[in-house]
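Undergrad:
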Amino acid sequence: MSLITLTTDFGTKDHFVGAVKGAIYTELADARIVDITHEISPFNITETAYILKNSYKSFPKGTIHIIGVDSELSKDNKHIAMSLDDHFFVCPDNGLISMIASEINPTKIVEINIHDRIESSFPVLDVFVKVACFIARGGNLTVIGREIYDFKKLVEIQPKVNQAQNQIIGGVLYIDNYGNLITNISKKMFNDIGKGRGFKINASRYSFTKIFTKYNEITGDSAHDSYQYDGSKLAIFNSAGFLEIAIYRSNLKTVGGASTLLGLEYRDPIIIDFFTETKPEYSSLS
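Counted from 1, the sequence shown has number 194 at position 194 by full-length UniProt numbering; the numbering is strictly sequential.
Shown next, in the form of structure tokens:
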């Protein structure tokens, strides 16, 4: 039985998601389909990359992931199928695979070449579904495409290091459902560059000199009276291992989220300055 996931920016109001699922079931009646999300911000490749990186590993080996974000075929936006980390990805070559493939090299990549037999303005439905179902039936990637050895890199996913000024220059990669700001600065980079020194995180006109390991750590010994900390700003390394600027118990309808309260949006800069030889105020989660 084949497991196929869907990650798109289609939303759920229109017919697109239902049509894609129907096409999969027409090809593979026993397929199992899992929606990762259909609420990607329209055409937002970095958001897609972040969500994909932090979801695909939870699925069994051999899972086929269809990604439909900015998927219209063009000379600069090829369609590819990829074997990576014992998973398969069917997606546009627009950089969304960068976050995964920067750490794990793909086993095989092909440029899908079945378009000459299929005319389509809806490639996820007409092309990606056929490729995914072909893979699910045990088909070899080279049958549906020409093998290639590279893919488009998304430069903005990678933060920069300014060694001369002892800085990491990153930015907001994703804003989650709570309005929290996920940056592209990983805990590994922070530790590698910081080397135990003191630091200041600069986020717009706000700054942080402490990184928590859990959200409720901000309450200290006042856990029984924690409501007084609602709306407090904090920095944390989230479960995905990325620096996050958050609001404790944020509620977008009342307190507000970090994005609105701090006035920060996608791509806005987050800068870390390292300035002493003392250890930072956080305990690493090993």
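The beta-carbon is built from N, C-alpha and C at its ideal position, and this holds for glycine as well.
DSSP on T215, reduced to helix/strand/coil?
TA: In the sequence as presented, Thr is not what sits at residue 215; that position holds Tyr. Y215 falls in the helix class under three-state DSSP.
Undergrad: Suppose you measure from the CA of S55 to the CA of I36; what does that come to, to the nearest Å?
TA: Each residue's Cα considered, the two are about 8 Å apart.
Undergrad: Hey, quick one: how far does the beta strand (DSSP E) through Y174 stretch, first residue to last?
TA: 167–175
Undergrad: Give me the Cα-Cα distance between F10 and A164, rounded to the nearest whole angstrom.
TA: Their Cα atoms are separated by approximately 44 Å.
Undergrad: Which residue wins for smallest C-alpha separation from I112, given the options G171, Y50, K75, N216?
TA: Of the listed residues, the one whose Cα sits closest to I112 is K75.
Undergrad: Are at least three pairs of beta-carbons, each pair with one atom in the stretch 74–94 and one in the stretch 134–148, less than 8 Å apart?
TA: Yes: the two stretches touch, three or more of their Cβ pairs being nearer than 8 Å.
Undergrad: What are the residues that DSSP puts in a beta bridge with H79?
TA: P92
Undergrad: Mind checking which residues open and close the beta strand (DSSP E) that includes N202?
TA: 199–203
Undergrad: Exposed or buried, V90, counting other C-beta atoms within 10 Å across all chains shown (16 or more means buried)?
TA: Answer is buried; the Cβ neighbour count reaches 16.
Undergrad: Does DSSP put I114 in a helix, in a strand, or in coil?
TA: When secondary structure is reduced to three states using DSSP, I114 falls in the coil class, being assigned neither helix nor strand.
Undergrad: Buried or exposed for K195, please, with buried defined as at least 16 other CB atoms from any protein chain shown within 10 angstroms of its CB.
TA: exposed
Undergrad: Quick one: is E47 buried, meaning 16 or more other Cβ sit within 10 Å of its Cβ, or exposed?
TA: buried
Undergrad: Could you tell me which residues DSSP puts in a beta bridge with G145?
TA: I112
Undergrad: Taking the Cβ atom as the reference point for each residue, do F274 and N166 lie within a distance shorter than 7 Å?
TA: yes
Undergrad: Which two residues bound the contiguous alpha helix (DSSP H) that contains F190?
TA: From DSSP, the alpha helix (DSSP H) with F190 extends over 187–194.
Undergrad: Is I66 near F134, with beta carbons less than 7 Å apart?
TA: no
Undergrad: Output needed for K160: all residues of its chain with C-beta closer than 7 Å, excluding positions within five of it in sequence on either side, in chain order.
TA: Cβ neighbours of K160 beyond the five flanking positions: I169.
Undergrad: Which full runs of the beta strand (DSSP E) of 3+ residues lie inside the stretch 27–60, going along the chain?
TA: 32–37
Undergrad: By a C-beta neighbour count over all protein chains shown, 10 Å radius and 16 as the cutoff for buried, is D14 buried or exposed?
TA: Per the 10 Å Cβ criterion, exposed.
Undergrad: Applying the 10 Å Cβ sphere with the 16-neighbour rule, what's the burial state of T12?
TA: exposed
Undergrad: Out of I271, N180, V110, which has the shortest C-alpha to C-alpha gap to S259?
TA: N180
Undergrad: Can you say whether F208 is buried or exposed, counting buried as having 16 or more other CB atoms within 10 angstroms of its CB?
TA: buried
Undergrad: Under a Cβ-count criterion, where at least 16 other Cβ atoms within 10 Å of its own Cβ denotes burial, should K53 be classed as buried or exposed?
TA: buried
Undergrad: Can you tell me where the alpha helix (DSSP H) with S259 in it begins and where it stops?
TA: 258–262
Undergrad: Judging by CA-CA distance, which residue of N105, T7, K188 is the nearest neighbour of D70?
TA: Distance from the Cα of D70 is smallest, within the candidate group N105, T7, K188, for T7.
Undergrad: Expressed to the nearest angstrom, what Euclidean distance is found between the alpha-carbon atoms of L261 and I201?
TA: Rounded to whole angstroms, the separation of the alpha carbons of I201 and L261 is 17 Å.
Undergrad: If we count the other Cβ atoms within 10 Å of its Cβ and call it buried at 16 or more, is S98 buried or exposed?
TA: buried
Undergrad: In the structure shown, what three-state DSSP assignment does S286 receive?
TA: Interpretation of S286 is limited by its pLDDT of 29, a score under 50 that renders its predicted location unreliable; the figure taken from the coordinates is listed afterwards. S286: coil per DSSP, three-state reduction.
Undergrad: Three-state secondary structure (DSSP) at A136?
TA: In the three-state scheme derived from DSSP, where H, G and I count as helix and E and B as strand, A136 is classed as helix.
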